[in-house]
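Residue numbers (the working numbering): 783 to 1083.
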């Protein structure tokens, strides 16, 4: 069944810089607040932003922080992009919260797979490698940060200048590829991108990826043990020992967070959410949701 919940997110409003937002169809969106006047946070804006979460990313996102910090809660983990860092979050991940320092300065780019596929696709290995990872956090060297800003300004021109209309997609794709190459060059010696993991860490990583890919269709632990080629007992022991949570809780959290995303979007009835998440009926889903959240889907909505 087609996943409509990924359409619920207004990316530009998430970063609160609508005035600087440019887009290229549905494949690319860019925005920043580099030249905006500093405005301290206010309760009304914070309340409005809080209502957007949780949400599922419709496209991969890149955030380059020049000043201050931006914190993301992604798939139940917190990530902080501080000054001179780049954070990339892949498509389909669930964002629970975004918190920015009031004086932070950043560039925000959202791009779909289509935005990085063009005539020069054979030379785009780096961005496809980045695209495949759930979260990448890279510290940029000053010279690379300057390069990223320069390429970003070129990208904005490509999107907005009518003279680029004939080859806008290919040129924009080349800009994204160059940015990925800069990130990969900077990250060669950084453990965030190529960490050395133990066998247990690898099991946890594979389990969480498997859950992210299959939680809508499979909630039984035996399925995941089979996918990992492990006994159920051993898998459960490793996941609990390494994360402090039982694997069934991880699965439930993914299901509930996606349910909240769809309910919050206003595009789904409770029955439709139950169908999307492959529950046998609305009643069964309602019981499952209430046990996890404490209120019924209708009351939470």
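Every residue gets a Cβ at the ideal spot worked out from N, C-alpha and C, and that includes glycine.
In this text, all values refer to a predicted model and were calculated from it rather than measured experimentally.
DSSP three-state call for residue i: helix, strand or coil?
{"i": "residue 1002", "result": "coil"}
{"i": "residue 1028", "result": "coil"}
{"i": "residue 1080", "result": "helix"}
{"i": "residue 1061", "result": "coil"}
{"i": "residue 885", "result": "coil"}
{"i": "residue 827", "result": "Note on residue 827: pLDDT 46, under 50, position unreliable in the model; no value is reported."}
{"i": "residue 868", "result": "strand"}
{"i": "residue 1011", "result": "coil"}
{"i": "residue 805", "result": "strand"}
{"i": "residue 810", "result": "strand"}
{"i": "residue 873", "result": "coil"}
{"i": "residue 960", "result": "helix"}
Does the distance from the C-beta atom of residue i to that of residue j stay below 7 Å?
{"i": "residue 968", "j": "residue 919", "result": "no"}
{"i": "residue 965", "j": "residue 868", "result": "yes"}
{"i": "residue 847", "j": "residue 875", "result": "no"}
{"i": "residue 988", "j": "residue 1033", "result": "no"}
{"i": "residue 843", "j": "residue 892", "result": "yes"}
{"i": "residue 872", "j": "residue 850", "result": "no"}
{"i": "residue 861", "j": "residue 917", "result": "yes"}
{"i": "residue 949", "j": "residue 999", "result": "no"}
{"i": "residue 1014", "j": "residue 1004", "result": "yes"}
Start and end of the alpha helix (DSSP H) containing residue i?
{"i": "residue 942", "result": "924 to 942"}
{"i": "residue 980", "result": "Unbroken run through residue 980: none, as it is neither H nor E."}
Taking the alpha-carbon of residue i as reference, which of the options has the nearest alpha-carbon?
{"i": "residue 1045", "options": "1033, 1058 and 1034", "result": "1058"}
{"i": "residue 1036", "options": "991, 958, 1010 and 1069", "result": "991"}
{"i": "residue 883", "options": "1042, 984, 865 and 1021", "result": "865"}
{"i": "residue 897", "options": "928, 879, 816 and 805", "result": "805"}
{"i": "residue 838", "options": "1040, 812 and 950", "result": "1040"}
{"i": "residue 810", "options": "954, 933 and 930", "result": "954"}
{"i": "residue 878", "options": "1074, 890, 853 and 1082", "result": "853"}
{"i": "residue 841", "options": "815, 870 and 1074", "result": "870"}
{"i": "residue 952", "options": "937, 962 and 963", "result": "937"}
{"i": "residue 1022", "options": "1081, 1009, 1050 and 983", "result": "983"}
In the DSSP assignment, find the unbroken beta strand (DSSP E) run with residue i in it and report its ends.
{"i": "residue 859", "result": "859 to 864"}
{"i": "residue 896", "result": "Note, residue 896: premise wrong, no beta strand (DSSP E); not H, not E."}
{"i": "residue 818", "result": "No beta strand (DSSP E) contains residue 818, which DSSP labels as neither H nor E."}
{"i": "residue 946", "result": "Where residue 946 is concerned, there is no enclosing beta strand (DSSP E), given that its DSSP letter is neither H nor E."}
{"i": "residue 853", "result": "851 to 856"}
{"i": "residue 919", "result": "917 to 921"}
Let's test the definition: count the other Cβ atoms within 10 Å of the Cβ of residue i and tell me whether it reaches 16, buried, or not, exposed.
{"i": "residue 1070", "result": "buried"}
{"i": "residue 827", "result": "Here residue 827 scores only 46 on pLDDT, less than 50, and its place in the model should not be relied on; the value that follows carries that caveat. Classification for residue 827: exposed."}
{"i": "residue 813", "result": "buried"}
{"i": "residue 1066", "result": "exposed"}
{"i": "residue 1028", "result": "exposed"}
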